[in-house]
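Just remember that our numbering sits 194 ahead of the position in the sequence shown, which is counted from 1.
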Amino acid sequence: MSEPSETTVLPRKLIIAIDGPAGAGKSTIASRLARKLGYVNLESGAMYRALALKAIEKDISFDDEPALVKLAEQSHIKLEPTVGGNRTLLDAHDVSSRIRERDVTEAASRVSVHPGVRAWMVLHQRAMGAGGGIVMEGRDIGTKVFPDADLKIFLDADPVVREQRRMEQQKIKGEVAANLAEDLRERDRRDRTRATSPLVAAPDAVVIDSTKMSEDEVLERVEELARKALNLK
Ligand code: DC
């Protein structure tokens, strides 16, 4: 009689969505969680930033939706996870640092309000994450990009705390800090009030308010949620 064949059941690779406002700690948590699980961390915001950079370079108005959609269609925006962190490639050029500058940050917030731009982004983000084994972070991942994600987290924090964290991250004070706080508030307003895919927690998202939590505490909580989601599969 033949022995029953031995099969190894590999845990299915999850799609984990982390949404929330700027400065809530999404990037840090998403990248640390991805490393722990051996997953890929995809920052959807970097794609909006890369398109915004190209619009700046090509002198295209941030209000010209058809031109921005055309620009997106002519672009190669790639998120490349590396051991040292994520790289963003725009038409094969590494723009990872440039897209973090203030002019691009402001432009990204403005180009992301257009439904046509968002539709292009969503299509590409879905293709990138379809195989699972990803932690994707942004504003509409759990509501729009992956409404069937295995785990949805909405990471929030008090606005004053988010501003302070950003200032500490960037080691800035005085007038520059005041500008940053104002920029952050304006971006928040735009994210939450735009007509298409405004920033909102998905009904089935786990909301974590990190105002009084350390980074390690937040990580512990999301890791626990991820393990639970894995066991349910
Ligand atoms: O997360 P971030 O700050 O790098 O995002 C840059 C901009 O892109 C931000 O102003 C909001 C927008 N964005 C979005 O509308 N939807 C996403 N999924 C990610 C970012």
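Yeah, the Cβ is synthetic: ideal placement off N, Cα and C, and Gly gets one too.
Sixteen is the threshold: when 16 or more other Cβ atoms of the shown chains lie within 10 Å of the Cβ of Pro215, as they do, the residue is buried.
Set against 7 Å, the gap from the CB of Gly239 to the closest heavy atom of ligand 1 is smaller.
The straight-line gap separating the alpha-carbon atoms of Arg383 and Arg359 is approximately 19 Å. For the pair Ser269 and Asp258, the CB atoms are not nearer than the 8 Å cut-off. One thing to note: Gly239 has its Cβ within 8 Å of the Cβ of Gly332.
If you compare the alpha carbons of Pro275, Asn373, Val329 with that of Leu231, the shortest gap goes to Val329.
Distances between the C-beta of Tyr233 and the heavy atoms of ligand 1 are all 7 Å or more.
If you ignore the 5 residues before and after Ile254, its C-beta comes within less than 7 Å of the C-beta of Ala261, Leu262, Leu265, all in its own chain and listed in chain order. Per DSSP, reduced to three states, the secondary structure at Thr390 is coil, with no helix or strand assignment. A direct Cα-to-Cα measurement between Ile209 and Arg296 gives close to 31 Å.
Inter-segment contact for the region 360-373 and the region 239-249 is absent: fewer than three beta-carbon pairs are separated by less than 8 Å.
The DSSP-derived three-state label of Pro215 is coil. Per DSSP, Ile271 is one residue of the beta strand (DSSP E) stretching across 271-276. Note that the region 396-416 touches the region 340-351; at least 3 beta-carbon pairs, one per stretch, sit closer than 8 Å. For the 8 Å CB-CB criterion, Asp334 and Ser391 form a contact. Going by beta carbons, Thr337 and Val394 fall inside the 8 Å limit.
In terms of side-chain proximity, the C-beta atom of Arg320 is found no nearer than 7 Å to any non-hydrogen atom of ligand 1. Around the beta-carbon of His308, 16 or more other beta-carbon atoms lie within 10 Å, marking it buried. DSSP, reduced to helix, strand and coil, places Gly279 within a strand of the structure shown.
For Ile328, the enclosing beta strand (DSSP E) starts and ends at 328-332. Under the three-state reduction of DSSP output, Ile223 falls in the helix class.
About 7 Å separates the beta carbons of Ala420 and Leu227, which is inside the 8 Å limit, making them a contact pair.
Within the chosen limit of 7 Å, ligand 1 reaches the beta carbon of Asp385 through at least one heavy atom. In this chain, the beta strand (DSSP E) harbouring Ile402 covers 400-403.
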